[in-house]
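**Q** Each residue of the sequence shown is one higher than the one before, starting from 0 at the first, in numbering that gives the first Met the number 0. After the structure tokens below, expect a handful of questions from me.
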Amino acid sequence: MKALVFVDQGKVEVREIPQPYCGLGEALIRVEACGICGSEIESVQVLSKRRKPPLILGHEFSGVIEYINDKTDRLSVGERVIVNSVIPCGKCNPCLRGQPNLCKNRQVFGMNRPGALAHFVNSPLYVIYPVPESLDFVTASLTEPLSVGIHLLNLIPDYENPTVAVIGAGTIGLLLFQAARTLLNAKVLVADLADIRLKEAEKLGADVTSNPLKENFEAVCMEFSGADGVDICIDAVGTSLTRNQSIKVLRPGGSAGWLGLQENSVTLDSYPIILPERKIFGSYGAEKEDFLKSIDLLSSGKVKGGDWVEVFPIEESAEAFKKMMKGEGNFIKAVITPGKGEG
Ligand SMILES: [Zn+2]
Ligand SMILES: [Zn+2]
Numbered sequence: 000m001k002a003l004v005f006v007d008q009g010k011v012e013v014r015e016i017p018q019p020y021c022g023l024g025e026a027l028i029r030v031e032a033c034g035i036c037g038s039e040i041e042s043v044q045v046l047s048k049r050r051k052p053p054l055i056l057g058h059e060f061s062g063v064i065e066y067i068n069d070k071t072d073r074l075s076v077g078e079r080v081i082v083n084s085v086i087p088c089g090k091c092n093p094c095l096r097g098q099p100n101l102c103k104n105r106q107v108f109g110m111n112r113p114g115a116l117a118h119f120v121n122s123p124l125y126v127i128y129p130v131p132e133s134l135d136f137v138t139a140s141l142t143e144p145l146s147v148g149i150h151l152l153n154l155i156p157d158y159e160n161p162t163v164a165v166i167g168a169g170t171i172g173l174l175l176f177q178a179a180r181t182l183l184n185a186k187v188l189v190a191d192l193a194d195i196r197l198k199e200a201e202k203l204g205a206d207v208t209s210n211p212l213k214e215n216f217e218a219v220c221m222e223f224s225g226a227d228g229v230d231i232c233i234d235a236v237g238t239s240l241t242r243n244q245s246i247k248v249l250r251p252g253g254s255a256g257w258l259g260l261q262e263n264s265v266t267l268d269s270y271p272i273i274l275p276e277r278k279i280f281g282s283y284g285a286e287k288e289d290f291l292k293s294i295d296l297l298s299s300g301k302v303k304g305g306d307w308v309e310v311f312p313i314e315e316s317a318e319a320f321k322k323m324m325k326g327e328g329n330f331i332k333a334v335i336t337p338g339k340g341e342g
């Protein structure tokens with residue numbers, strides 16, 4: 000089979016490799032669509048410790064069950080499915096506390112085990128979920144990034160009809176803000192440095208968009224809130240700058256949710272957090288309920304993909320990856336469709 004392999008810093012290539020072995024308790028999945036994630040671009044560019052080459056990338060995928068190596072009533076061969084990217088051990092403290100996404104021994108596709116940017120991938124049965132016929136494979140591959148956004152929304156304290164600012168209109172930002180509108184009944188402002196992304200946000204129903212290169216982002220947020228700051232700000236970028244911004248634009252008692260991972264270190268003033276009793280929380284991965292909600296929102300059309308998602312065959316996946324590394328191309332999300340032409 001063909002697979003997109005991370006071979007060295009800044010280097011990915013399509014390679015011919017053997018089909019994966021399907022262990023006991025696992026299914027072999029024929030991959031129909033797999034998104035390229037920003038975190039993978041980042042890993043390849045900077046040779047991050049999170050992903051070590053040689054490695055098959057890909058953790059946002061949908062496909063069809065080809066073979067099951069176990070007895071199960073829940074799944075069947077030929078079924079259309081998506082898979083949680085994080086595989087918990089079920090035994091550690093976070094797992095026993097009901098936080099499998101924070102598992103200490105977690106495995107992630109395309110990180111600690113082979114990813115799904117390939118014709119086939121093997122997966123434990125317990126992280127596989129069926130998707131309805133009505134959901135096409137490319138849209139279904141957005142389930143993972145959307146569920147990561149839904150997980151964050153579920154961690155937010157209760158605010159009634161909140162004003163929400165989302166920093167970063169990449170895949171997660173675009174999916175998350177739509178989910179915030181429908182799940183929290185939120186009014187949403189989306190910020191990004193690229194106007195092309197803001198146009199997509201507008202098309203998808205953002206109430207207000209803002210380019211901080213062109214206007215004072217804090218002032219825009221104040222005006223948008225109609226008061227003294229937004230209830231919630233979500234940082235889907237993850238730099239020292241965006242994390243600081245996410246606090247400054249909050250009203251007293253507001254909450255900042257962080258899921259962007261671009262930089263680790265951050266320098267913060269503490270008084271703007273302590274004195275106005277603002278909250279900051281982190282969010283990572285997603286749980287089963289987040290995935291089920293994500294499938295529901297995508298199949299009901301309450302959250303949409305669109306022409307910001309560009310599809311490439313596996314043969315062109317290395318080119319698509321390189322385009323994303325260079326910031327070229329008029330797409331925000333590249334989804335690889337290994338199933339096409341292979342039957
Ligand atoms: Zn991802
Ligand atoms: Zn665990």
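Glycine is no exception: its CB is placed at the ideal position from the N, C-alpha and C atoms. All of these numbers come straight from a predicted model, not from anything done at the bench.
(1) With a threshold of 7 Å, establish whether the CB of Asn-104 neighbours any heavy atom of ligand 2.
(2) Is Pro-144 near ligand 1, in the sense that its beta carbon is under 7 Å from a heavy atom of that ligand?
(3) Under 8 Å between the Cβ atoms of Asp-72 and Leu-23?
(4) If you check the beta carbons only, do Lys-264 and Ser-239 fall under 8 Å apart?
(5) Among Glu-276, Met-324, Leu-183 and Ser-254, which has the Cα closest to the Cα of Lys-301?
(6) Using a Cβ-Cβ cutoff of less than 6 Å, which residues in the same chain neighbour Lys-369 once the five nearest sequence positions on both sides are dropped?
(7) To the nearest angstrom, how far is it from the Cα of Arg-242 to the Cα of Asp-234?
(8) Considering Gly-253, what are the terminal residues of the beta strand (DSSP E) in which it resides?
(9) Using a Cβ-Cβ cut-off of 6 Å (strictly less than) and excluding sequence neighbours within five positions of Thr-397, which residues of its own chain qualify?
(10) Is Asn-100 near Tyr-283, with beta carbons less than 8 Å apart?
(11) Use the C-beta contact count for Gln-244: other C-beta atoms within 10 angstroms, 16 or more gives buried, fewer gives exposed.
(12) Which residues mark the beginning and the end of the alpha helix (DSSP H) in which Asn-153 is found?
(13) Check for me: the alpha helix (DSSP H) holding Asn-92 runs from which residue to which?
(14) Going by beta carbon distance, what residues of the same chain come within less than 7 Å of Ser-38, once the five residues before and after it are set aside?
(15) What residue does the beta strand (DSSP E) around Cys-220 start on, and which one ends it?
(16) Given Asn-121, which residues of its chain have a CB within under 6 Å of its CB, disregarding the five upstream and five downstream residues?
(17) The beta strand (DSSP E) with Ile-35 in it runs from where to where?
(18) Quick check: the region 149-167 against the region 222-234, are there 3 or more CB pairs under 8 Å?
**A** Working from what's here:
(1) Yes, the Cβ of Asn-104 comes within 7 Å of a heavy atom of ligand 2.
(2) The answer is yes for Pro-144.
(3) Going by C-beta atoms, Asp-72 is not nearer than 8 Å to Leu-23.
(4) Contrary to the premise, residue 264 reads as Ser rather than Lys in this sequence. For Ser-264 and Ser-239, yes; Cβs fall inside 8 Å.
(5) Distances from the CA of Lys-301 to each of Glu-276, Met-324, Leu-183 and Ser-254 were compared; the closest alpha carbon is that of Leu-183.
(6) Since the first and last residues shown for the chain are 0 and 342, residue 369 lies out of range.
(7) Answer to the nearest angstrom: the Cα atoms are 6 Å apart.
(8) From DSSP, the beta strand (DSSP E) with Gly-253 extends over 249-257.
(9) No statement about residue 397 is possible, as the shown extent of the chain runs from 0 to 342 and does not include it.
(10) Less than 8 Å divides the Cβ of Asn-100 from the Cβ of Tyr-283.
(11) Classification of Gln-244: buried, given that the 10 Å Cβ count is 16 or more.
(12) That run of the alpha helix (DSSP H) goes 142-154.
(13) Note, Asn-92: alpha helix (DSSP H), 92-95.
(14) Closer than 7 Å at the Cβ level, and outside the excluded window around Ser-38, lie Leu-260.
(15) Note, Cys-220: premise wrong, no beta strand (DSSP E); alpha helix (DSSP H) at 216-224.
(16) Excluding the 5 residues flanking it on each side, Asn-121 has same chain C-beta neighbours closer than 6 Å at Pro-19, Cys-21, Glu-25 and Leu-27, in chain order.
(17) Following the DSSP letters along the chain, one finds Ile-35 in no beta strand (DSSP E), marked with neither H nor E.
(18) Touching, yes.
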